[in-house]
Structures are given as structure tokens and as C-alpha cells.
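Novice: To start, I am sharing the structure in question, which I have written as C-alpha cells.
Residue numbers (mature numbering (1 follows the signal peptide of the UniProt record, and there is no 0)): -22 to -1, 1 to 248.
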């Protein structure tokens, strides 16, 4: 009799245990998965918010964290405050890793922002006067890119063979109008055009400040190798949730949104 009672009790305990596990599994399956994405303010933010809409339909909550510079999103990523970020090119990422001894890696191509030259004082490049002050991004990668844009525009010439990602004002070999260069954070250039004769401006910041690049730039970059990426820490590079985010980003719906919203100055990579 004792054995029979013990058996009944054991069976009841096992059944309760199984029911409990089943309930816990169901709750787990019903939970929403969250991913924290760092972006710079403006188009990167707007595009991720479109991705967020698609992700929500699949039970993925995208928390968008917005920054106003190019350095802080990587600091937040490597310190564990973010899961991924979406705003940077490979040359910029490589330089950041080198400077800060970090291991940030790309996991998916996104979009390319063309760089332009803008001026509130002059409507044509040829109107720029002798000794004009031109704005220039102060981070090494964007500085080099901007100098090549000035060269494309015919305003300066750089030393032949200079590394495409490492040019500095010291590499200028021809400057017929003796332009002066003022180095500023990339995020500030569009806001300080009143104090400059002209400046190169990344399109994401130009759009954020209300400029329409095709209408307002006095020169646009001819082409660009600077495609942006979704990036994460090396230890997380194979996380399937992060790759799902990349898949949603590179969807037809997001491509259509970009093409209809940004007038051809943001180019999709898919």
C-alpha cells in the first residue's frame, strides 16, 4: 500500500513538473525579443525606424538609440550598451578599431551616403574667392574622403598615389586659390555653414539639417566606395537575431522607403 501511495505521489510530482515546464516554455515563446541599435540622428535613424516596423511584425522589438556624432555609437557598442550599430563605413570602422584597440566587425551592408559641397554664400564653385575658408571633417577617414571630393570638384590637387583613406591637408600639392581649411566634427559642418565660405557635408547630416542634397549642394561626389554597415562586437558576429535584423534592413520594403524618401542621394547596396 505504501509503495502504491508513493508511486501516485511521484507521478503527481512529475506531472506537475511537466506542466510547469510546459507553461514556462509557452511564456518564453510568447516573449518579445529586444535588440538595441545605435544610429546617428537623421536618415540612419529614420531607416532603422522603418526596419523597426517590419521587425515588430515578427516579434522582434528594435530599441533605437540615437547619437549626434560618429564616435559615441562605437563606444556604446563596445561597452555593452548596444547590441549593434548602423552608421559607419569599413574604413571608419578599421580606423576606430586601430585607435581604440577594439574588435568591431561588419555583419551586413546597408546604404551609401554621397558627400557634397555646400555654401550659403556662393551658388557656384567658381564663385569661391581667393583665400576662402572651407570646412573639413576632423576624423581621419571623412577628412580624406572630403579632400578627394574637393579634388573631384577641381578646387585642389592631392599628391599622386596618396592613400584614399589617409589624405590630410599636408597632401595638397596644388591650391590655386589658397583656400584655408577649418577642421570641425562632421556633425557640426552643416550647422556652421554661415561661418564658412563652403564645406563638405555628409548627406546624413545635410538631410538632418533640412538640406536637399540634389538641390542645395554646389557639388556632389561623383561616386563613393563608402558603403555603410550594420556592425557588432566580434564575439557576437554570428548571433542569428542580429543577422535577422540585417535581413529585414535589406528588404524590398526598406529599399522602396529609401528610394521614395531620399531623392537618390542615399544608395542601397542590395
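Even glycine gets a Cβ: it sits at the ideal position worked out from N, Cα and C. Keep in mind the model is a prediction, meaning the values are calculated, not measured.
Touching or not, the segment 232 to 246 and the segment 17 to 35, by the rule of three or more beta carbon pairs under 8 Å?
Specialist: Verdict: yes, contact present.
Novice: Report all residues from its chain with a CB closer than 7 Å to the CB of residue 203; omit the five preceding and five following residues, and keep chain order.
Specialist: Closer than 7 Å at the Cβ level, and outside the excluded window around residue 203, lies no residue.
Novice: Keeping to the same chain, check which residues put their C-beta closer than 6 Å to that of residue 61; ignore five residues upstream and five downstream.
Specialist: 13 and 14, listed in sequence order.
Novice: Nearest-angstrom Cα distance between residue 232 and residue 151?
Specialist: Rounded to whole angstroms, residue 232 to residue 151 spans 43 Å at the Cα level.
Novice: Just the Cα atoms here: how many angstroms apart are residue -13 and residue 36?
Specialist: For residue -13, the pLDDT reaches just 41, beneath the cut-off of 50, and the residue's location in the model is therefore unreliable, leaving the point undetermined.
Novice: May I have the straight-line CA-CA distance separating residue 227 from residue 38, to the nearest angstrom?
Specialist: About 13 Å.
Novice: If you scan the segment 87 to 132 from start to end, which runs of the beta strand (DSSP E) of 3 or more residues do you find wholly inside it?
Specialist: Listed in chain order, they are 93 to 96 and 111 to 115.
Novice: I believe residue 113 touches residue 195 by the beta-carbon criterion, under 8 Å. Please report the beta-carbon distance rounded to the nearest angstrom.
Specialist: No, residue 113 and residue 195 are not in contact; Cβ-Cβ is about 13 Å, not under 8 Å.
Novice: Quick check: the segment 101 to 109 against the segment 136 to 149, are there 3 or more CB pairs under 8 Å?
Specialist: As far as the Cβ criterion goes, the segment 101 to 109 does not touch the segment 136 to 149, which means the pair count is below three.
Novice: Looking at the structure shown, is residue 209 part of a helix, part of a strand, or coil, going by DSSP?
Specialist: In this structure, residue 209 counts as strand in the three-state DSSP scheme.
Novice: Is the CB-CB distance between residue 63 and residue 209 below 9 Å?
Specialist: Cβ atoms of residue 63 and residue 209: closer than 9 Å.
Novice: State the Cα-Cα distance for the pair residue 134 and residue 213, rounded to the nearest angstrom.
Specialist: Between residue 134 and residue 213, the C-alpha separation is close to 43 Å.
Novice: Can you tell me the Cα-Cα spacing of residue 89 and residue 144, whole angstroms?
Specialist: Rounded to whole angstroms, residue 89 to residue 144 spans 22 Å at the Cα level.
Novice: Within this structure, are the beta carbons of residue 205 and residue 67 separated by less than 9 Å?
Specialist: Yes, these two residues count as a Cβ contact at 9 Å.
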